[in-house]
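Trainee:
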Amino acid sequence: IMRTLILLLLSPTLLFAQAKKPFDKKKSTITYSMNHILHAWDAVSPEVNGVVQLKADGNIEKVAIVAKISSFDSKSSNRDAHTLEVTEALKFPNISFVSTSITESKPGELDVKGNLQFHGVSKETSFKATAKNSNGSTQVTGGFIFLLEDFRVTRPSFMLKQVDNEVKIKFEVFY
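For the sequence shown, our numbering assigns the number 219 to the last residue and increments by one with no breaks.
(1) Pull up the distance between the alpha-carbon of residue 183 and that of residue 126, whole angstroms please.
(2) What does the alpha-carbon distance come out to for the pair residue 129 and residue 193?
(3) In the DSSP output, which residue or residues are listed as bridge partners for residue 148?
(4) Quick one: grab the DSSP three-state call for residue 81.
(5) For my contact list, residue 79 and residue 110 are in at a C-beta cut-off of 8 Å; report their separation, rounded to the angstrom.
(6) Mind checking if residue 123 is an interface residue toward chain D, Cβ cutoff 8 Å exclusive?
(7) Going by DSSP, name the residue or residues bridged to residue 173.
(8) Would you list the one or two residues that DSSP bridges to residue 216?
(9) Does the Cβ of residue 196 have 16 or more other Cβ atoms within 10 Å, making it buried, or fewer, making it exposed?
(10) For residue 163, count neighbouring C-beta atoms within 10 Å of its own C-beta (all shown protein chains included) and say buried if the count is 16 or more, exposed if not.
(11) Between residue 106 and residue 146, which are expected to be in contact by the criterion C-beta below 8 Å, what is the C-beta distance as a whole number of angstroms?
(12) Within 10 angstroms of the Cβ of residue 100, are there 16 or more other Cβ atoms? Answer buried if so, exposed if not.
(13) For residue 52, does the three-state DSSP call read helix, strand or coil?
(14) Using only CA atoms, which one of 120, 124, 141 lies nearest to residue 170?
(15) Helix, strand or coil: which one does DSSP assign to residue 210?
(16) So who's on the other strand from residue 167, going by DSSP bridges?
(17) Have a look at 215, 217, 218, 209 and flag the residue whose alpha-carbon is nearest the alpha-carbon of residue 84.
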């Protein structure tokens, strides 16, 4: 039994404990972009919460990120209020992503897979991201597209025309 305990204590995964680092909330943002036949808009959330789990070599092993739907600002209070209504933000207040795998395809280029949760629906998604170190912190940027219908969100209409089904997500997080 003692020999097993010593082997467990000396195993690389226990010897090099993984570090968990929170996102820098002052710098990190998530932006969504949408289109309507009459106009396009972006909405930014500066209230991003997340944590990165690093491997012993400093590479990203896992990531979890969450933002409140109410924190996105499109510079139109009417549009933001309508967004809260159609996404049922009182019932489903957050959009979140938790990775299931992160691999580095080239130095600084990440292939990310995980689960996006929005409007009470969890859907597997994948995207590419870029990581670079600067001034003692790491910046990770990337983006992906999802469809409102995949998350059972009724597309709002304006002037009898629905908004596009596509939602483009861009993120810039620092840790």
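For every residue, glycine included, the Cβ atom is placed at its ideal position computed from N, Cα and C.
Mentor: So, from the listed chains and residues:
(1) Taking the first residue of the sequence shown as position 1, residue 183 is located at position 139. Taking the first residue of the sequence shown as position 1, residue 126 is located at position 82. Answer to the nearest angstrom: the Cα atoms are 32 Å apart.
(2) Position 85 of the sequence shown, counted from the first residue, corresponds to residue 129. Position 149 of the sequence shown, counted from the first residue, corresponds to residue 193. Rounded to whole angstroms, residue 129 to residue 193 spans 16 Å at the Cα level.
(3) For the purposes of this step, residue 148 is taken as the residue at position 104 of the sequence shown. Paired residues: 154.
(4) Stepping through the sequence shown from its first residue, residue 81 is reached at position 37. In this structure, residue 81 counts as coil in the three-state DSSP scheme.
(5) Here residue 79 is taken as the residue at index 35 of the sequence shown, counted from 1. Here residue 110 is taken as the residue at index 66 of the sequence shown, counted from 1. No, residue 79 and residue 110 are not in contact; Cβ-Cβ is about 25 Å, not under 8 Å.
(6) The structure shown contains no chain D, having only a single protein chain.
(7) By one-based count along the sequence shown, residue 173 stands at place 129. Answer is 154, 186.
(8) The sequence position of residue 216 within the sequence shown is 172, counting from 1. DSSP, once it has assigned bridges, lists 73, 185 as partnering residue 216.
(9) Translated into the one-based positions of the sequence shown, residue 196 becomes position 152. With fewer than 16 other Cβ atoms within 10 Å, it is exposed.
(10) On the sequence shown, residue 163 is found 119 positions in, with the first residue counted as 1. That one is buried.
(11) On the sequence shown, residue 106 is found 62 positions in, with the first residue counted as 1. On the sequence shown, residue 146 is found 102 positions in, with the first residue counted as 1. At roughly 7 Å, the Cβ-Cβ gap stays under 8 Å, so residue 106 and residue 146 are in contact.
(12) Here the question's residue 100 lines up with position 56 in the sequence shown. So residue 100 ends up on the exposed side.
(13) Here residue 52 refers to the residue found at position 8 when the sequence shown is read from its first residue. Caution applies to residue 52, whose pLDDT of 40 falls short of 50 and renders its modelled position unreliable; the value that the coordinates give is listed next. Helix, per DSSP.
(14) On the sequence shown, residue 170 is found 126 positions in, with the first residue counted as 1. Per the Cα distances, 141.
(15) In the sequence shown, residue 210 corresponds to position 166, counting from 1. Assigned with DSSP and collapsed to three states, residue 210 falls in strand.
(16) Counting from 1 along the sequence shown, the entry for residue 167 is found at position 123. Per DSSP, 160.
(17) Mapped onto the sequence shown, residue 84 falls at position 40. Answer by Cα proximity: 209.
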